[in-house]
Amino acid sequence: EDKVVQSPLSLVVHEGDTVTLNCSYEVTNFRSLLWYKQEKKAPTFLFMLTSSGIEKKSGRLSSILDKKELFSILNITATQTGDSAVYLCAVKETSGSRLTFGEGTQLTVNP
Amino acid sequence: GAVVSQHPSRVICKSGTSVKIECRSLDFQATTMFWYRQFPKQSLMLMATSNEGSKATYEQGVEKDKFLINHASLTLSTLTVTSAHPEDSSFYICSARDVTSGGADTQYFGPGTRLTVL
C-alpha cells in the first residue's frame, strides 16, 4: 500500500525563523511529488518535483526531492505569520493521476 | 489561470435528504476530476476519480450508490450525497487535472464544500 509520511506533524516558530518540513514516501511506481499549502479552505499548489536534486524555488519557499532516499523537504526562510497553514505532501504514481496525501504538517508562525 | 470552483461552499441539510455538489474548471478543460473528503485535522482522502464521459472509479470502502458522481462535460463534475446522514458531515473537495499547463500535469483544487447533516 502506498504511504506518505510527513514530519513533524506540528511546528510552532517565531517570525523570521527558518523551517524545514519533511516528507517521505513509499510508492510502487513513483512519478512526482507535490507540495500544497492549505489554510482555511482547499489546498493551493506550491511545487511539483519529478527529478532528484533539482531545487525548486518560489520566493521564500524552496523544495527538493531525493528519489534514492525517497524523501522531499520543503524549506521556508524568514517565516511570516501568513505562512501559518497546513502543508501537505502528495505523491503521484505513473499509472493514472491519483494523489496519495500525507497527514500534513501544521505550521504556526507567531509574531 | 487554472481556477476550480465549487458550489455550494456550505450546505446544511436534514438527515435522509440528498445533496449535490458541483465542481467546475473555469479556464481549462478537465478530462479527469477527483473528489476528496477531509475530516477535521486529517488529510485529504481520495473518494473517487471522475472521468468525462465514463463511469467514476471509486476508492475501496467508498459506496458508489451513496456518492453518485457524474462528469458530463469537460468542465463540470457533480457529487451527489444520497440519503445523507450525520456521519457524512465533512469537508468535500474536488480537484481538476490540467494536463496543458506548460507540459506539467497538475491538479488544482476547488475551495471545498462544508456539508453538515443534522
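Protein sequence lines, in the order shown, are assigned to chains Z and L.
Just so you know, we're using the numbering used here here: the first sequence kicks off at 509 and counts up by one.
Just so you know, we're using the numbering used here here: the second sequence kicks off at 6 and counts up by one.
We put the CB at the ideal spot given by N, CA and C, even for glycine.
C-beta contact flag for residue i and residue j at 8 angstroms
i: glutamate 611 (chain Z); j: valine 535 (chain Z); result: no
i: glutamate 523 (chain Z); j: valine 594 (chain Z); result: no
i: threonine 613 (chain Z); j: leucine 519 (chain Z); result: yes
i: serine 560 (chain Z); j: tryptophan 543 (chain Z); result: no
i: threonine 80 (chain L); j: glutamine 43 (chain L); result: no
i: serine 94 (chain L); j: threonine 121 (chain L); result: yes
i: valine 9 (chain L); j: threonine 85 (chain L); result: no
i: tyrosine 97 (chain L); j: glycine 117 (chain L); result: yes
Cα-Cα separation between residue i and residue j, rounded to whole angstroms
i: serine 30 (chain L); j: histidine 12 (chain L); result: 12 angstroms
i: tryptophan 40 (chain L); j: histidine 76 (chain L); result: 11 angstroms
i: alanine 586 (chain Z); j: leucine 615 (chain Z); result: 14 angstroms
i: threonine 2 (chain L); j: threonine 22 (chain L); result: A question about residue 2 (chain L) goes unanswered here, because the residues of chain L that appear run from 6 up to 123.
i: leucine 529 (chain Z); j: asparagine 537 (chain Z); result: 23 angstroms
i: threonine 552 (chain Z); j: leucine 123 (chain L); result: 30 angstroms
i: valine 57 (chain L); j: threonine 37 (chain L); result: In the sequence as presented, valine is not what sits at residue 57 (chain L); that position holds glutamate. Cα-Cα distance, rounded: 6 angstroms.
i: glycine 567 (chain Z); j: isoleucine 17 (chain L); result: 40 angstroms
i: methionine 50 (chain L); j: glutamate 563 (chain Z); result: 28 angstroms
i: valine 521 (chain Z); j: glycine 590 (chain Z); result: 12 angstroms
i: serine 20 (chain L); j: isoleucine 584 (chain Z); result: 44 angstroms
i: isoleucine 26 (chain L); j: valine 104 (chain L); result: 24 angstroms
i: lysine 631 (chain Z); j: arginine 539 (chain Z); result: Not covered by the structure: residue 631 (chain Z). The range shown for chain Z is 509 to 619.
i: leucine 554 (chain Z); j: valine 527 (chain Z); result: 16 angstroms
i: arginine 15 (chain L); j: aspartate 32 (chain L); result: 23 angstroms
i: alanine 550 (chain Z); j: glutamate 64 (chain L); result: 20 angstroms
i: lysine 565 (chain Z); j: proline 45 (chain L); result: 30 angstroms
i: serine 509 (chain Z); j: lysine 548 (chain Z); result: First, the amino acid is wrong: residue 509 (chain Z) is glutamate here, not serine. Each residue's Cα considered, the two are about 30 angstroms apart.
Of the residues the options, the one placed nearest residue i, counting alpha carbons only
i: glycine 115 (chain L); options: L:Arg42, L:Cys28, L:Gly66, L:Cys18; result: L:Cys28
i: leucine 73 (chain L); options: L:Thr80, L:Leu79, L:Ala89; result: L:Ala89
i: lysine 69 (chain L); options: L:Leu81, L:Ala53, L:Thr83, L:Thr80; result: L:Ala53
i: leucine 569 (chain Z); options: Z:Met556, Z:Val513, Z:Leu517; result: Z:Met556
i: threonine 83 (chain L); options: L:Lys60, L:Lys46, L:Val8; result: L:Lys60
i: alanine 598 (chain Z); options: Z:Glu563, Z:Asp525, Z:Ile581; result: Z:Ile581
i: glutamine 47 (chain L); options: Z:Ser605, Z:Glu509, Z:Gln514; result: Z:Gln514
i: alanine 7 (chain L); options: L:Arg119, L:Ser100, L:Ser14, L:Ile26; result: L:Ser100
Cβ neighbours of residue i in the same chain (closer than 7 angstroms, five flanking residues each side left out)
i: leucine 472 (chain Z); result: What the structure shows of chain Z is the stretch from 509 to 619, and residue 472 (chain Z) is not part of that stretch, so it cannot be assessed.
i: proline 619 (chain Z); result: Glu523, Thr589
i: threonine 62 (chain L); result: Ala53, Thr54
i: aspartate 525 (chain Z); result: Thr587
Per DSSP, cross-strand counterpart(s) of residue i
i: aspartate 103 (chain L); result: L:Thr111
i: threonine 37 (chain L); result: L:Asn56
i: phenylalanine 96 (chain L); result: L:Gln43, L:Arg119
i: glutamine 514 (chain Z); result: Z:Cys531
i: arginine 29 (chain L); result: L:Ser10, L:Leu81
i: asparagine 583 (chain Z); result: Z:Thr528, Z:Ser570
Own chain residues within Cβ distance below 6 angstroms of residue i, not counting five before or after
i: leucine 573 (chain Z); result: Leu541, Leu557, Ser560, Ser580
i: arginine 102 (chain L); result: Ala35, Thr37, Gln112
i: proline 91 (chain L); result: Val122
i: arginine 119 (chain L); result: Arg15, Phe96
i: lysine 71 (chain L); result: Thr87
Sequence-distant residues of its chain with Cβ nearer than 8 angstroms to residue i (five each side left out)
i: lysine 511 (chain Z); result: Tyr533, Glu534, Val535, Thr608
i: arginine 606 (chain Z); result: Lys600
i: glutamine 546 (chain Z); result: Thr552, Ala593, Val594, Tyr595, Leu596, Gly612
i: leucine 517 (chain Z); result: Glu611, Gly612, Thr613, Gln614
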